[in-house]
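Under the numbering used here, the sequence shown has 4 at position 4, and the numbering climbs by one with no breaks.
This report refers to the structure that appears directly beneath it.
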Amino acid sequence: MRWLTGGYGTVEGTCAYFDVLAANAAAGSGKRGFGVWLDGRLAGYVDLEPDLGDGLDPGDVNLTYAVHPWARGRGVAVEAVRLVCEVLRTTAVGTRAALRIEPGNAASLRVADRAGFVLLREVVSATDTHPDGTPVTFRVFARDL
Ligand SMILES: CC(C)(COP(=O)(O)OP(=O)(O)OC[C@H]1O[C@@H](n2cnc3c(N)ncnc32)[C@H](O)[C@@H]1OP(=O)(O)O)[C@@H](O)C(=O)NCCC(=O)NCCS
Numbered sequence: 001m002r003w004l005t006g007g008y009g010t011v012e013g014t015c016a017y018f019d020v021l022a023a024n025a026a027a028g029s030g031k032r033g034f035g036v037w038l039d040g041r042l043a044g045y046v047d048l049e050p051d052l053g054d055g056l057d058p059g060d061v062n063l064t065y066a067v068h069p070w071a072r073g074r075g076v077a078v079e080a081v082r083l084v085c086e087v088l089r090t091t092a093v094g095t096r097a098a099l100r101i102e103p104g105n106a107a108s109l110r111v112a113d114r115a116g117f118v119l120l121r122e123v124v125s126a127t128d129t130h131p132d133g134t135p136v137t138f139r140v141f142a143r144d145l
């Protein structure tokens, strides 16, 4: 749950979040989200966020992803990252794709490796905190577009 949304989701909150993403998509700015489809079903999400600075360098576009449990372990996240990097390339958004992953998130670390990302550094977040208030540590990975 922590690595998905940071907390319990509600229908209202999720709808409001999707409205923000739809408005950003229409404006061509800010965080943009994509549904990931597998066998005709919504299998997960991948987002790109060009304006996130925490732990990243100028030109880096932060990517986040989540795959529904039924669809995991079939390469969905790796393929979603590949596709969203293609979107960044063709729309000329940013110069590098970046991932910020907590050291304990083994599945996501493996996705970074399989998607061809290189570890840049480990950073203590200036913005993200654990439920107890301590700052989150991220491993920062990047891949040229
Ligand atoms: C991380 C996540 C998106 C991976 O999705 P996925 O579609 O199952 O990933 P893929 O199938 O593309 O690749 C996963 C790789 O990680 C490996 N893996 C999966 N779970 C793992 C685990 N718990 N420990 C170690 N490796 C794991 C898989 O074996 C695979 O590697 P392989 O091809 O060498 O066998 C999914 O687990 C998820 O939604 N997690 C919760 C949200 C999240 O953590 N998002 C990322 C935040 S940075």
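Glycine residues also receive a C-beta, built at the ideal position from the N, C-alpha and C atoms.
Open item on the list: Shorter than 7 Å, the distance from the beta carbon of threonine 64 to the closest heavy atom of ligand 1, or not?
Closed with: Residue 64 sits at position 64 when you count from the first residue of the sequence shown. It does: the Cβ of threonine 64 is within 7 Å (strictly closer) of some heavy atom of ligand 1.
Open item on the list: Which of the three DSSP states is assigned to alanine 92 in this structure?
Closed with: The residue labelled residue 92 in the question sits at position 92 within the sequence shown. Reduced to three states, the DSSP call for alanine 92 is coil.
- [ ] Taking only the alpha-carbon atoms, compute the straight-line gap between arginine 114 and alanine 27 and give it to the nearest angstrom.
- [x] In the sequence shown, counting from the first residue as 1, residue 114 sits at position 114. In the sequence shown, counting from the first residue as 1, residue 27 sits at position 27. Each residue's alpha carbon lies about 32 Å from the other.
- [ ] Look up leucine 109 in the DSSP assignment and say whether it is helix, strand or coil.
- [x] Here residue 109 corresponds to residue number 109 of the sequence shown, with the count starting at 1. Looking at leucine 109 - three-state DSSP - the assignment turns out to be helix.
TODO: Pick helix, strand or coil for glycine 40, following the three-state DSSP scheme.
DONE: In the sequence shown, counting from the first residue as 1, residue 40 sits at position 40. Of the three classes helix, strand and coil, the one that applies to glycine 40 here is coil, per DSSP.
TODO: Would you identify the three-state DSSP class for leucine 56, choosing helix, strand or coil?
DONE: The count along the sequence shown starts at 1 and reaches residue 56 at position 56. Coil at leucine 56, not helix or strand.
- [ ] Answer yes if the stretch 91–102 comes into contact with the stretch 61–73, meaning at least three C-beta pairs across the two stretches below 8 Å, and no otherwise.
- [x] yes
- [ ] Kindly examine ligand 1 and report whether one of its heavy atoms sits closer than 7 Å to the Cβ of glycine 73.
- [x] Taking the sequence shown and counting its residues from 1, one reaches residue 73 at position 73. Because some heavy atom of ligand 1 lies under 7 Å away, the Cβ of glycine 73 counts as near it: yes.
TODO: Output the distance between the C-alpha atoms of arginine 74 and alanine 80, rounded to the nearest integer angstrom.
DONE: Position 74 of the sequence shown, counting from 1, holds the residue named residue 74. Position 80 of the sequence shown, counting from 1, holds the residue named residue 80. Each residue's alpha carbon lies about 11 Å from the other.
TODO: Find the nearest neighbour of serine 125 within the set Leu21, Asp39, Ala16, Thr134, judged by alpha-carbon distance.
DONE: If you number the sequence shown from 1, residue 125 lands on position 125. Taking serine 125 as reference, the option from Leu21, Asp39, Ala16, Thr134 with the minimal CA-CA separation is Thr134.
- [ ] Alpha carbon to alpha carbon, how far is leucine 109 from proline 103? Give it in angstroms, no decimals.
- [x] Looking up residue 103 in the sequence shown gives position 103. Looking up residue 109 in the sequence shown gives position 109. Whole-angstrom Cα-Cα distance: 8 Å.
Task: leucine 48 beta carbon less than 8 Å from that of leucine 88 - done: Working through the sequence shown from its first residue, we reach residue 88 at position 88. Working through the sequence shown from its first residue, we reach residue 48 at position 48. Yes, they are a contact pair.
- [ ] Alpha carbon to alpha carbon, how far is glycine 13 from valine 84? Give it in angstroms, no decimals.
- [x] As a first step, residue 84 is located in the sequence shown; it is residue number 84 there, counting from the start. As a first step, residue 13 is located in the sequence shown; it is residue number 13 there, counting from the start. Whole-angstrom Cα-Cα distance: 25 Å.
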